[in-house]
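Peer 1: Structure in structure tokens, see below.
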Amino acid sequence: MCSIAHVKRSPPKDLGIGLFLAKSKEKPVRIPISFEEDIVVDRYIPPSRLDSDKFFVVQVDHEERYIEVYIFSGDKERAVYRVRGRDPRSLGRLALRLSGIQDPEHALYLGVELARALEALRLGRRYEQDEQPSIDTI
């Protein structure tokens, strides 16, 4: 809270409830769910297939506070579309529709990258696509 006030050069007020959600003293609620088989993923699983003809480039525009998705199809030098916005779910849905990509691997990839881009935008940090984050680096 103090660092935000310092950056804004104002008293720490009107910062929103979101600032306190991660610092809540309440224990997280974990709902018990029954399952048939327990699978632990402890290694990297590469994608089964990706359409190399169609791809996305995700960038963060910190000045305008937008997440940008460039959609390429065929031509690797010029994007067919640039989709910009602040809601990663809507950006992802529209980008997938415009690209015509039906592959769930591509949808998963785009979703992960959009979530990472949103966090970089929120925190004012650098975003680099395809950087492999892990729980150990958080």
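Residues in the sequence shown are numbered from 35 upward in steps of one, following our numbering.
Cβ atoms here follow ideal geometry from the backbone N, Cα and C, with glycine treated the same way.
All of these numbers come straight from a predicted model, not from anything done at the bench.
Does DSSP put residue 119 in a helix, a strand or coil?
Peer 2: Reading the sequence shown from its first residue, position 85 is the one you call residue 119. The answer is strand: DSSP assigns residue 119 an E or B state.
Peer 1: What separation, rounded to the nearest whole angstrom, lies between the Cα atoms of residue 100 and residue 140?
Peer 2: Along the sequence shown, one-based indexing puts residue 100 at 66. Along the sequence shown, one-based indexing puts residue 140 at 106. One C-alpha to the other measures close to 21 Å.
Peer 1: Can you name the residues that DSSP bridges to residue 93?
Peer 2: Indexing the sequence shown from 1 puts residue 93 at position 59. Bridge partners of residue 93: 102.
Peer 1: Hey, could you find the ends of the alpha helix (DSSP H) residue 146 is sitting in?
Peer 2: As a first step, residue 146 is located in the sequence shown; it is residue number 112 there, counting from the start. Where residue 146 is concerned, the enclosing alpha helix (DSSP H) stretches over 138 to 157.
Peer 1: Let me know if residue 74 comes out buried or exposed under the rule of 16 or more other beta-carbons within 10 Å of its beta-carbon.
Peer 2: The count along the sequence shown starts at 1 and reaches residue 74 at position 40. With fewer than 16 other Cβ atoms within 10 Å, it is exposed.
Peer 1: Nearest-angstrom Cα distance between residue 81 and residue 89?
Peer 2: What you label residue 81 is simply residue 47 of the sequence shown in a count that begins at 1. What you label residue 89 is simply residue 55 of the sequence shown in a count that begins at 1. If I take the Cα positions, the gap works out to 14 Å.
Peer 1: Whole angstroms is fine: what's the gap from residue 132's alpha carbon to residue 116's?
Peer 2: Along the sequence shown, one-based indexing puts residue 132 at 98. Along the sequence shown, one-based indexing puts residue 116 at 82. Distance between the alpha carbons of residue 132 and residue 116: 10 Å.
Peer 1: Below 6 Å CB to CB, which residues in the same chain sit around residue 106 once its five sequence neighbours on both sides are set aside?
Peer 2: In the sequence shown, counting from the first residue as 1, residue 106 sits at position 72. So the qualifying residues of the chain are 89 and 113.
Peer 1: CB-CB under 6 Å to residue 151, same chain, minus the five flanking residues each way: which ones, in chain order?
Peer 2: Position 117 of the sequence shown, counted from the start, is the residue given in the question as residue 151. Hits under 6 Å: 92, 94, 101 and 161.
Peer 1: Comparing the C-beta of residue 164 with each C-beta of chain B, is any distance below 7 Å?
Peer 2: Here there is only one protein chain, and chain B is not present.
Peer 1: For residue 107, which three-state DSSP category applies?
Peer 2: Numbered from its first residue, the sequence shown carries residue 107 at position 73. The answer is strand: DSSP assigns residue 107 an E or B state.
Peer 1: Mind checking whether residue 148 and residue 125 have CB atoms under 7 Å apart?
Peer 2: Within the sequence shown, numbered from 1, the residue matching residue 148 stands at position 114. Within the sequence shown, numbered from 1, the residue matching residue 125 stands at position 91. Contact flag set, yes.
Peer 1: Apply the 10 Å Cβ neighbour rule to residue 122 and answer buried if 16 or more other Cβ atoms are within range, or exposed otherwise.
Peer 2: As a working note, residue 122 is residue 88 in the sequence shown. The residue in question, residue 122, is buried, as its Cβ has 16 or more Cβ neighbours within 10 Å.
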